[in-house]
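Residue numbers for the sequence shown follow the numbering used here, so the first one is 3 and each next one is one higher.
Where is the CB? At the ideal position from N, CA and C, for every residue including glycine.
No experiment lies behind these values; they were computed from the predicted model shown.
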Amino acid sequence: MTDGIDTAASRVDGSGTSGTRLFLGLTGQSGAGKSTACGYLREKYGAFVADSDRIAREVVEPGSPVLDRIAEAFGNDVIVSGRLDRAVLAARAFSSDENTRMLNRIVHPAILERCFEYAGQSDASVVIFDAPQLFESGLDAYCDATLAVTAPESELIKRITARDGIDAKTAEKRLARQHSAEFFERSCDFTVSNTDKTGLFRRLDTVMAELLSGSGPKRRKRKAIPMENNDKYKDLKDKLFFSPKHVAETGSKDDVGAADEYCRGYMDFLARSKTERECAEYFVARAEAAGFRPFAYGEKYAAGDRIYLNNRGKSVIFAVIGKQGAEKGVKIAAAHIDSPRLDLKQAPVFEDTELAYFKTHYYGGIKKYQWTAIPLALHGVIMTADGETVRVCIGEDDGDPKFVITDLLPHLAQEQMKKPMYEGVNAESLNLLVGSRPFKNDPGSEMVKLGILNLLYEKYGVTERDLFRAELETVPAFKPCDIGLDRSMIGAYGHDDKVCAYPAFTAIPDGVIPEKTCICVLTDKEETGSDGPTGLNSAYLTDFITELCESSGANPRQCMSASECLSADVNAAFDPGYPDVMEKRNCSYMNRGVVLTKFTGSRGKYDTNDASAEFIAKIIKLMDDNGVAWQAGELGRVDLGGGGTVAKYVSAHNIDTVDLGVPVLSMHAPFEVVAKSDVYETEKAFRAFYLSD
Ligand SMILES: [Zn+2]
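This is how it looks when you write it as structure tokens:
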């Protein structure tokens with residue numbers, strides 16, 4: 003996926019969630035700002051707030067059992083015209099400690115029960131019990147943490163008099179009946195003082211960051227919250243709600259083993275194929291072994307024929323001719339095999355202070371700082387003057403030297419660390435360190451550069467001039483590996499978009515002739531906008547389809563209007579470390595299966611294909627009928643950035659297209675993470691698609 007983000011607008015926040023629900027008890031003095039705090043937590047963290055003051059009024063509504071018991075205890079005249087007379091009750095209940103305790107014994111359990119009921123009905127990951135009597139009611143025992151909001155007494159009096167229209171003396175008396183700020187500070191896990199809103203919000207963020215990070219020591223063991231009432235609506239919820247689940251819950255046990263096995267093949271492919279050229283070569287070799295032969299212009303093909311078109315060694319089309327005529331349309335899976343990287347400039351070699359470097363120009367959306375201080379490898383080709391191709395691959399084998407872009411030590415990075423992250427590392431400082439030993443007998447300047455060029459000459463027979471005819475790509479020298487103690491994920495460079503290209507290829511029907519002609523196009527240049535002859539903005543795919551049509555007497559325009567395409571590209575998986583950039587109801591998650599993305603683009607659906615409801619319906623049915631775990635996913639919050647895929651270039655030819663692919667963590671980083679089960683589900687999706695009619 004390309005990124006459509008202007009870097010200055012990207013936003014990252016350190017807060018996170020451990021994934022389990024957080025029950026937070028919030029308390030404090032009258033006027034301290036509990037409601038303001040609750041409002042902020044609701045807004046920013048999607049918290050559900052159970053307001054015990056409001057609930058206290060609810061539980062004594064006319065006809066309630068609590069009201070009856072109060073009347074029993076304090077006299078029937080506390081009820082006037084069916085309603086509780088609060089003044090009368092207060093006079094009696096607060097006349098002695100014993101009476102107060104009696105009232106609490108009646109009311110508090112009912113308040114707790116109602117709090118739990120409401121909490122059970124909400125699916126918010128943060129639940130706040132807003133309770134002035136947090137400790138007296140026993141509600142604190144059900145909280146993961148308790149938080150007090152306090153303010154200086156003078157401030158409290160000012161707020162209470164303004165809010166409740168009482169004089170300062172009365173306000174003082176009211177405060178005197180409540181716990182002191184010291185009590186709350188002593189009793190609560192966290193105290194935030196509210197002298198001004200901005201400060202209050204900042205302090206709340208700090209508390210939440212600690213609580214949600216999961217690493218904080220502040221969550222304590224709490225009593226289990228009874229949620230019986232939650233089940234009351236379970237059947238209805240099951241029927242009406244859509245809640246995508248972890249594939250482990252929906253798939254069979256066999257799927258886990260099958261996914262692991264399938265991903266071994268994927269990881270082997272990744273280890274060999276880091277660039278678009280290497281990917282093209284890998285897939286062509288596999289295709290030839292599987293009976294594909296090169297496409298020839300003008301040739302007539304029959305059902306079951308397997309052909310491929312190698313477009314300049316950087317993008318490839320594979321096709322299996324279907325039973326039905328081309329005028330019935332074709333099934334296209336389109337993925338890209340280029341990944342973000344650092345290309346060498348055409349005159350890359352220079353020397354500075356006895357160190358030799360290659361200058362680079364970054365390719366695609368990268369965060370520049372991520373490319374410093376990691377081992378890098380160099381892949382690509384150099385063309386010689388007489389048209390010979392010299393292949394280069396340095397840094398992948400165990401004994402190979404590797405390269406690096408150095409970074410500034412923290413001791414001297416004070417100024418660098420103050421900069422916004424996108425300015426921390428300059429594009430022109432992404433220089434690859436390639437040598438430091440001067441050429442033996444050379445007495446002049448640039449001895450190290452000479453040494454490097456001499457090595458290149460000895461190994462490849464090329465000179466500095468030949469590098470103008472080169473395409474050399476700097477990529478991370480990491481090998482793909484399992485991630486996690488449970489080995490459920492894969493870490494690697496270039497999942498985007500090889501993790502879709504691989505299943506789009508391996509799912510191509512074998513041993514069976516599909517109804518419609520199946521086309522798998524693995525394209526280049528997606529990361530930079532699909533331009534040039536090997537990108538999908540070029541005509542190579544539609545020309546290929548046109549050729550197939552014309553050789554079989556079909557009308558290519560009719561074919562394309564009846565064709566369907568899965569634009570196979572990755573999507574960003576929800577990352578609990580960065581919840582703020584995602585809209586949790588509409589983003590994709592690891593392990594919930596293949597992601598269906600109706601549209602990409604940014605800022606009001608610009609620059610994107612937007613798949614029709616009709617086409618989406620067809621694809622969803624296909625998934626459901628074939629037991630493919632799927633989820634819907636939009637890339638992040640509206641107006642925070644965005645991205646693009648090849649979908650818009652394919653759909654521009656009057657072809658129904660929708661994005662479908664694998665959710666990725668750390669997308670576009672030098673080392674990205676995917677879940678094995680998602681890769682497996684994606685292959686299932688393509689299989690079903692190719693064979694559908
Ligand atoms: Zn991408």
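N-terminal and C-terminal residue of the beta strand (DSSP E) that residue i is part of
i      : result
Gly27  : Leu24 to Gly30
Ile57  : Premise fails: Ile57 lies in the alpha helix (DSSP H), Ser54 to Glu60, not in any beta strand (DSSP E).
Asn78  : No beta strand (DSSP E) contains Asn78, which DSSP labels as neither H nor E.
Tyr365 : Leu357 to Tyr365
Ser569 : Glu566 to Ala570
Tyr310 : Arg308 to Asn313
Leu598 : Val596 to Thr599
Lys369 : Taken as a continuous stretch (DSSP letters only), Lys369 belongs to no beta strand (DSSP E), as it is neither H nor E.
Met104 : From DSSP, Met104 is part of no beta strand (DSSP E) but of the alpha helix (DSSP H) over Asp99 to Gln123.
Arg393 : Thr391 to Ile396
Cys483 : Cys483 to Ile485
Met385 : Leu378 to Met385
Beta-carbon gap between residue i and residue j smaller than 8 Å
i      : j      : result
Arg221 : Ala147 : yes
Lys370 : Lys361 : no
Ala541 : Met669 : no
Asp498 : Ser341 : yes
Val676 : Val427 : no
Thr152 : Phe203 : no
Lys686 : Lys518 : no
Ser54  : Ala133 : yes
Glu475 : His363 : no
Glu690 : Asn628 : In the sequence on display, residue 690 carries Ala and not Glu. In contact: Ala690 and Asn628 (Cβ atoms closer than 8 Å).
Phe470 : Leu452 : no
Phe25  : Val129 : yes
Ile454 : Leu432 : no
Ala52  : Ala121 : yes
Leu435 : Phe405 : yes
Thr536 : Arg314 : yes
Val660 : Gln633 : no
Leu141 : Leu28  : no
Gly316 : Ala337 : The question names Gly, but residue 316 in the sequence shown is Lys. No, the pair does not count as a contact, with Cβ atoms beyond the cut-off.
Exposed unless 16 or more other CB atoms sit within 10 angstroms - verdict on residue i
i      : result
Val82  : exposed
Ser1   : The shown model of the chain, from 3 to 695, leaves out residue 1, and the question about it has no answer.
Gly18  : At Gly18 the pLDDT is 32, less than 50, meaning the model places this residue with poor confidence and gives no usable figure here.
Phe576 : buried
Gln31  : buried
Gly16  : Bear in mind that a pLDDT of 31 at Gly16, under 50, signals an unreliable position, so the number given afterwards is only what the model happens to contain. By the neighbour-count rule (16 or more Cβ atoms within 10 Å), Gly16 is not buried but exposed.
Thr508 : buried
Val351 : buried
Glu353 : buried
Ala619 : exposed
Lys650 : buried
Glu230 : Here Glu230 scores only 43 on pLDDT, less than 50, and its place in the model is too uncertain to base an answer on.
Thr391 : exposed
Ala10  : Bear in mind that a pLDDT of 38 at Ala10, under 50, signals an unreliable position, so the number given afterwards is only what the model happens to contain. Looking at its Cβ environment, which holds fewer than 16 other Cβ atoms inside 10 Å, Ala10 is exposed.
Phe294 : buried
Glu683 : buried
Val14  : Because Val14 carries a pLDDT of 32, less than 50, the predicted location of this residue cannot be relied on, and no value is offered for it.
Phe96  : exposed
Arg279 : buried
Val464 : buried
Gly696 : It is not possible to answer for residue 696, since the shown part of the chain is limited to 3 through 695.
Proximity test, Cβ basis, 8 Å: residue i and chain E
i      : result
Cys502 : Considering every chain present, this structure includes no chain E. It has just one protein chain.
N-terminal and C-terminal residue of the alpha helix (DSSP H) that residue i is part of
i      : result
Gln418 : Gln416 to Lys420
Asp345 : That residue, Asp345, is in no alpha helix (DSSP H); its beta strand (DSSP E) goes Arg343 to Asp354.
Ser717 : Any answer about residue 717 is impossible in this case: the structure gives the chain only from 3 up to 695.
Leu452 : Met449 to Tyr462
Lys46  : Lys36 to Tyr47
Gly426 : Met423 to Gly426
Below 8 Å, can you find three or more Cβ-Cβ pairs linking the stretch 648 to 660 to the stretch 584 to 593? At 8 Å Cβ cutoff, the stretches do not touch.
Go through the residues and name those whose CB comes closer than 5 Å to any heavy atom of ligand 1, in chain order. Any residue whose Cβ sits closer than 5 Å to a heavy atom of ligand 1 makes the list: Met3 and Asp498.
Any contact of the stretch 111 to 125 with the stretch 60 to 72, i.e. 3+ C-beta pairs under 8 Å? Short answer: they touch.
Pairing CB atoms from the stretch 302 to 311 with CB atoms from the stretch 319 to 330, are three or more of them under 8 Å? Contact holds between the stretch 302 to 311 and the stretch 319 to 330, because three or more Cβ pairs, one in each stretch, are under 8 Å apart.
Tell me whether the stretch 521 to 529 and the stretch 373 to 382 touch, counting them as touching only if at least three CB pairs, one residue from each stretch, are closer than 8 Å. Flag = no, the stretch 521 to 529 and the stretch 373 to 382 do not touch.
Quick one: any contact between the stretch 193 to 211 and the stretch 32 to 45, if contact means 3 or more CB pairs under 8 Å? Contact between the stretch 193 to 211 and the stretch 32 to 45 is present, because at least three Cβ pairs lie under 8 Å.
Three-pair Cβ contact test at 8 Å for the stretch 477 to 484 versus the stretch 261 to 276: A contact exists between the stretch 477 to 484 and the stretch 261 to 276.
Can you confirm whether the stretch 249 to 264 touches the stretch 168 to 186 when touching is taken to mean that 3 or more C-beta pairs between the two stretches lie within less than 8 Å? Judged by Cβ distances under 8 Å, the stretch 168 to 186 makes no contact with the stretch 249 to 264, as fewer than three pairs qualify.
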